[in-house]
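Each residue of the sequence shown is one higher than the one before, counting from 147 in the working numbering.
First comes the structure, then the notes that go with it.
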Amino acid sequence: MFRYLTGIISWIFQFLFIFLCVATVKSGCRVIENVENGIQSEVTLTKVETFSMGATLDDRLLPMGEDSDSLKRDYIDRYLTIALEEQEEHQIPASITLAQGLLESRFGTSKLAIQNNNHFGIKCFLRSCKKGHCTNFTDDTHKDFFRKFKRVEDSFHAHSALLKKPLYKRLFQSKNYKDWAYGLQACGYATDPHYAEKLINTIETYRLHQYDK
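As structure tokens, this is what we get:
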């Protein structure tokens, strides 16, 4: 009888142990799943950009409404000439250059734009950077080095040089801003799945396509 009771008690303990193990594993899977979903969500929200900066807390302080619209129009007026010059020299639609500048630099108000004169989220891929050549910023949950320019105009030149690389060669088969917008997204310029739509919306809202030729 004693052995029988001992066997039952042992069986009960084994059952409880297995139950607790299974529950723990399931709980662990849920945690891992949540973490993965969190990372996926963050990547989706930030973009970014292969080349663009992810959203930061400072973005909440940016002006909205009429003030934001005014700043965007000021940005267009300020950099229209350089965008037209880049279009003339490199056949990159001025509307695309301006729209990317507006989005990537948050119309000139992002930290990267203010501190580095980098309006296109252009990263530095050199193994050894010279002093002042680039700056470490957080992008898509990890650290990356971004180019630092003496002048804003230099970042426009670098942007054109970037788009002249073989990766973007097929974009030059069209002069249509929509083709360029979807082409940039397809080539991986940004991780934001709505990047092309945002470019097109910006171009059409501010009629930037009127400057294309």
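Beta carbons are placed, not taken as given, at the ideal position from N, Cα and C, and that holds for glycine.
Since we're looking at a predicted model, the values are computed, not measured.
Helix, strand or coil at residue i [DSSP, three-state]
i, result
"lysine 269", "strand"
"histidine 340", "coil"
"lysine 257", "helix"
"asparagine 262", "helix"
"arginine 353", "coil"
"tyrosine 225", "helix"
"lysine 218", "helix"
"glutamate 235", "helix"
"aspartate 213", "helix"
Span of the alpha helix (DSSP H), counted from its first residue to its last, around residue i
i, result
"isoleucine 242", "240 to 251"
Residue i and residue j closer than 8 Å at C-beta
i, j, result
"phenylalanine 253", "leucine 217", "yes"
"glutamine 246", "leucine 345", "yes"
"asparagine 262", "phenylalanine 295", "yes"
"tyrosine 225", "leucine 244", "yes"
"proline 341", "leucine 330", "Before going further, note that residue 341 is tyrosine rather than proline in the sequence given. Taking 8 Å as the Cβ cut-off, tyrosine 341 and leucine 330 qualify as a contacting pair."
"phenylalanine 292", "asparagine 264", "yes"
"serine 360", "alanine 259", "The chain is shown only over 147 to 359; residue 360 falls outside these bounds and no answer can be derived."
"serine 301", "isoleucine 349", "no"
CB contact check: residue i to chain D, cutoff 8 Å
i, result
"leucine 309", "The structure shown contains no chain D; it holds only a single protein chain."
Residue i CB to nearest heavy atom of the ligand PLP below 7 Å
i, result
"threonine 255", "Annotation note on the ligand PLP: not contained in the displayed structure, which lists no ligands."
Note to self: To test your reading of the DSSP string, which unbroken alpha helix (DSSP H) runs of 4 or more residues are found completely within the stretch 283 to 328?
What the structure shows: 298 to 309
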